[in-house]
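Residues in the sequence shown are numbered from 1 upward in steps of one, following my numbering.
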Amino acid sequence: NLTYKNATKETKSSAKRYARNNCDYSFKALEKIVPEALNSVSLEQIRRYARRSWRFMDAYRKGLT
1 NLTYKNATKE TKSSAKRYAR NNCDYSFKAL EKIVPEALNS VSLEQIRRYA RRSWRFMDAY
61 RKGLT
(Lines of atoms letter the chains of each structure in order from A; the text may use other names.)
(Lines give C-alpha, C1' and ligand atoms only; values in the text may rest on other atoms or scores of the structure.)
Protein backbone atom coordinates (compact mmCIF):
# COMPACT_ATOMS: atom_id res chain seq x y z
CA ASN A 1 0.00 0.00 0.00
CA LEU A 2 1.48 3.32 -1.08
CA THR A 3 0.12 5.20 1.94
CA TYR A 4 1.91 2.77 4.25
CA LYS A 5 5.18 3.14 2.31
CA ASN A 6 5.08 6.94 2.37
CA ALA A 7 4.21 7.04 6.08
CA THR A 8 7.04 4.58 6.75
CA LYS A 9 9.47 6.72 4.77
CA GLU A 10 8.53 9.87 6.70
CA THR A 11 8.78 8.01 10.02
CA LYS A 12 12.24 6.75 9.06
CA SER A 13 13.28 10.28 8.09
CA SER A 14 12.18 11.65 11.46
CA ALA A 15 14.09 8.94 13.31
CA LYS A 16 17.15 9.55 11.14
CA ARG A 17 17.01 13.28 11.89
CA TYR A 18 16.91 12.52 15.63
CA ALA A 19 19.90 10.18 15.30
CA ARG A 20 21.94 12.73 13.35
CA ASN A 21 21.31 15.40 15.97
CA ASN A 22 22.11 13.16 18.94
CA CYS A 23 24.97 10.89 17.92
CA ASP A 24 28.74 11.14 17.66
CA TYR A 25 28.71 8.27 15.09
CA SER A 26 30.82 5.83 17.04
CA PHE A 27 29.48 2.28 16.79
CA LYS A 28 28.71 2.25 20.52
CA ALA A 29 26.76 5.50 20.27
CA LEU A 30 24.81 4.24 17.24
CA GLU A 31 23.84 1.07 19.11
CA LYS A 32 22.41 3.26 21.85
CA ILE A 33 20.80 5.97 19.71
CA VAL A 34 18.99 3.89 17.06
CA PRO A 35 16.32 2.51 19.44
CA GLU A 36 15.96 5.99 20.98
CA ALA A 37 15.55 7.51 17.53
CA LEU A 38 12.82 5.05 16.56
CA ASN A 39 11.02 5.68 19.85
CA SER A 40 11.29 9.44 19.34
CA VAL A 41 8.64 9.30 16.61
CA SER A 42 5.27 9.36 18.34
CA LEU A 43 2.23 7.40 17.24
CA GLU A 44 0.52 10.74 16.63
CA GLN A 45 3.27 11.72 14.17
CA ILE A 46 3.03 8.38 12.35
CA ARG A 47 -0.72 8.79 12.01
CA ARG A 48 -0.24 12.34 10.75
CA TYR A 49 2.16 11.07 8.08
CA ALA A 50 -0.33 8.38 7.04
CA ARG A 51 -3.19 10.90 6.79
CA ARG A 52 -1.04 13.26 4.74
CA SER A 53 -0.07 10.46 2.36
CA TRP A 54 -3.71 9.42 2.03
CA ARG A 55 -4.75 13.00 1.17
CA PHE A 56 -2.16 13.17 -1.62
CA MET A 57 -3.29 9.82 -3.01
CA ASP A 58 -6.93 10.88 -2.83
CA ALA A 59 -6.15 14.11 -4.71
CA TYR A 60 -4.36 12.18 -7.48
CA ARG A 61 -7.27 9.74 -7.75
CA LYS A 62 -9.62 12.70 -8.19
CA GLY A 63 -7.42 14.11 -10.95
CA LEU A 64 -6.14 17.11 -9.00
CA THR A 65 -2.60 18.23 -9.76
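Built from N, CA and C at the ideal position, the CB exists for glycine as well. It should be emphasised that the depicted structure is a prediction, and the values quoted were computed from it without experimental measurement.
The alpha helix (DSSP H) that contains residue i, what's its start and end?
i: aspartate 24; result: Careful: aspartate 24 lies outside any alpha helix (DSSP H) and carries neither H nor E.
i: leucine 43; result: 43-61
From this set, the options, which residue's C-alpha is nearest residue i's C-alpha?
i: glycine 39; options: Tyr49, Arg48, Lys62 and Ala19; result: Residue identity differs from the one stated: residue 39 is asparagine in this sequence, not glycine. It is Ala19 whose Cα lies nearest to the Cα of asparagine 39.
Note down the Cα distance separating residue i from residue j, rounded to an integer number of angstroms.
i: serine 53; j: alanine 37; result: 22 Å
i: threonine 11; j: lysine 5; result: 10 Å
i: glutamate 66; j: alanine 59; result: The requested residue 66 is not part of the displayed model; the chain covers only 1 to 65.
i: arginine 51; j: glutamate 44; result: 11 Å
i: arginine 47; j: threonine 8; result: 10 Å
Are the segment 10-28 and the segment 58-65 in contact at 8 Å, needing three or more beta carbon pairs?
-> no
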